[in-house]
Amino acid sequence: ITASPRLLRLLCDHPGAEPEVEAVRARAPLPPTTAAVERELAPLRALLQAPAAAGPIARLRSDDGAAALAAIDRLAGELGLPSLLVDLSRPQALRTPIDATCKAVFDEARLRGAVLAIAGYDDLPPATRDAALAATAAQLERFTGPFVAIVDAAFDLRHELRHRAVLELTAA
2 ITASPRLLRL LCDHPGAEPE VEAVRARAPL PPTTAAVERE LAPLRALLQA
52 PAAAGPIARL RSDDGAAALA AIDRLAGELG LPSLLVDLSR PQALRTPIDA
102 TCKAVFDEAR LRGAVLAIAG YDDLPPATRD AALAATAAQL ERFTGPFVAI
152 VDAAFDLRHE LRHRAVLELT AA
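For any residue, its number in the numbering used here is found by taking its place in the sequence shown, counting from 1, and adding 1.
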């Protein structure tokens, strides 16, 4: 029998994920969340509480990606769901190709059944940002869990509208 190292770590309750995931995991402790972000996440809360075949997708425009990640972590915790919080602006994020990083992140979220939230797209160079958004869109086709992209840049999610709820949220 052959098993992936990631699966063995999960089954044995050992911390840690693939190196690509650990390189972009949001730094702890997260800053306090803001009231504006909490208000904007109310529709997402309702969708997460309702049973569905596929989790919702949200695009959240926020000036403070770290506070948005904190709010999503809090929301997931209140609903008893695990979360995977990713910050693509971390310096280690660019050590591996962005496609491989996105695939590893989505695989980890799928394995854990986690609410996946990714911030930091807007801090990347334009070409890398576009590649990260394209890689994210490609992974969403195979990912049925809840997902939040914290991004101001254009992110076309029309394809996903046919499959599940897509929210456009803005926290001022």
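We treat Cβ as the ideally placed atom computed from N, Cα and C, and that holds for glycine. Just so we're clear, the structure is a prediction, and the values are computed from it rather than from any experiment.
Based on the DSSP secondary-structure assignment, which residues constitute the bridge partners of L170?
To locate residue 170, count along the sequence shown from 1; it is residue 169. Partner(s): L61.
Can you tell me whether V87 is helix, strand or coil according to DSSP? Taking the first residue of the sequence shown as position 1, residue 87 is located at position 86. Here V87 sits in strand by DSSP.
Do you know how far the Cα of F148 is from the Cα of E169?
In the sequence shown, the residue the question calls residue 169 occupies position 168. In the sequence shown, the residue the question calls residue 148 occupies position 147. Going by the C-alpha atoms only, they are around 12 angstroms apart.
Q) Whose C-beta lies closer than 8 angstroms to the C-beta of A24 among residues of the same chain, with five residues either side of it excluded? A) Taking the first residue of the sequence shown as position 1, residue 24 is located at position 23. So the list reads R91, Q93, A94, R96, T97 and T102, once near-sequence residues are dropped.
Report task. Give me the Cα-Cα distance between A72 and A150, rounded to the nearest whole angstrom. Result -> Counting from 1 along the sequence shown, the entry for residue 72 is found at position 71. Counting from 1 along the sequence shown, the entry for residue 150 is found at position 149. Cα-Cα distance, rounded: 13 angstroms.
Distance CB(G56)-CB(A120) smaller than 7 angstroms
Stepping through the sequence shown from its first residue, residue 56 is reached at position 55. Stepping through the sequence shown from its first residue, residue 120 is reached at position 119. No. Outside cutoff.
Checklist entry - What did DSSP end up calling A71 once you bin it into helix, strand or coil? => result Start at 1 with the first residue of the sequence shown, and residue 71 comes out as number 70. Reduced to three states, the DSSP call for A71 is helix.
Could you check what DSSP says for A115 in three-state terms: helix, strand or coil? Mapped onto the sequence shown, residue 115 falls at position 114. Coil at A115, not helix or strand.
Candidates E41, D108, T145 and A18, of which the one nearest L76 by Cα
To locate residue 76, count along the sequence shown from 1; it is residue 75. Of the listed residues, the one whose Cα sits closest to L76 is E41.
7 angstroms Cβ cutoff met for L125 and L70 = The residue given as residue 125 occupies position 124 in the sequence shown. The residue given as residue 70 occupies position 69 in the sequence shown. The answer is no: Cβ separation not under 7 angstroms.
Is F148 helix, strand or coil when you go by DSSP?
Taking the sequence shown and counting its residues from 1, one reaches residue 148 at position 147. Of the three classes helix, strand and coil, the one that applies to F148 here is strand, per DSSP.
Give the secondary structure of A120 by DSSP, where H, G and I count as helix, E and B as strand, and everything else as coil.
Against the sequence shown, residue 120 aligns to sequence position 119. If DSSP states are grouped into helix, strand and coil, A120 belongs with the strands.
Segment limits, alpha helix (DSSP H) that includes H160: Along the sequence shown, read from residue 1 onward, the residue named residue 160 stands at position 159. Counting along the chain, the alpha helix (DSSP H) containing H160 begins and ends at R159 to L162.
- Other residues of its chain near D74: CB distance less than 7 angstroms, five sequence neighbours each side excluded: Residue numbering aside, residue 74 sits at position 73 when the sequence shown is read from its first letter. Hits under 7 angstroms: L31, S84 and L86.
- Message: Taking a contact to mean a Cβ-Cβ separation below 7 angstroms, would you say A105 touches V22 in this structure?
- Response: In the sequence shown, counting from the first residue as 1, residue 105 sits at position 104. In the sequence shown, counting from the first residue as 1, residue 22 sits at position 21. Yes, Cβ-Cβ distance for A105 and V22 is below 7 angstroms.
Whole angstroms are fine: how far does the CA of R163 sit from the CA of L117? Position 116 of the sequence shown, counting from 1, holds the residue named residue 117. Position 162 of the sequence shown, counting from 1, holds the residue named residue 163. If I take the Cα positions, the gap works out to 20 angstroms.
Practice task
Can you tell me which of L80, D64, L141 and A37 puts its alpha carbon nearest to the alpha carbon of Q50?
Solution key: Translated into the one-based positions of the sequence shown, residue 50 becomes position 49. Minimum Cα distance to Q50 is reached at L80.
Notebook entry, point to check: First and last residue of the alpha helix (DSSP H) that includes D153?
Noted result: Taking the first residue of the sequence shown as position 1, residue 153 is located at position 152. First-last for D153: undefined, no H or E at that position.
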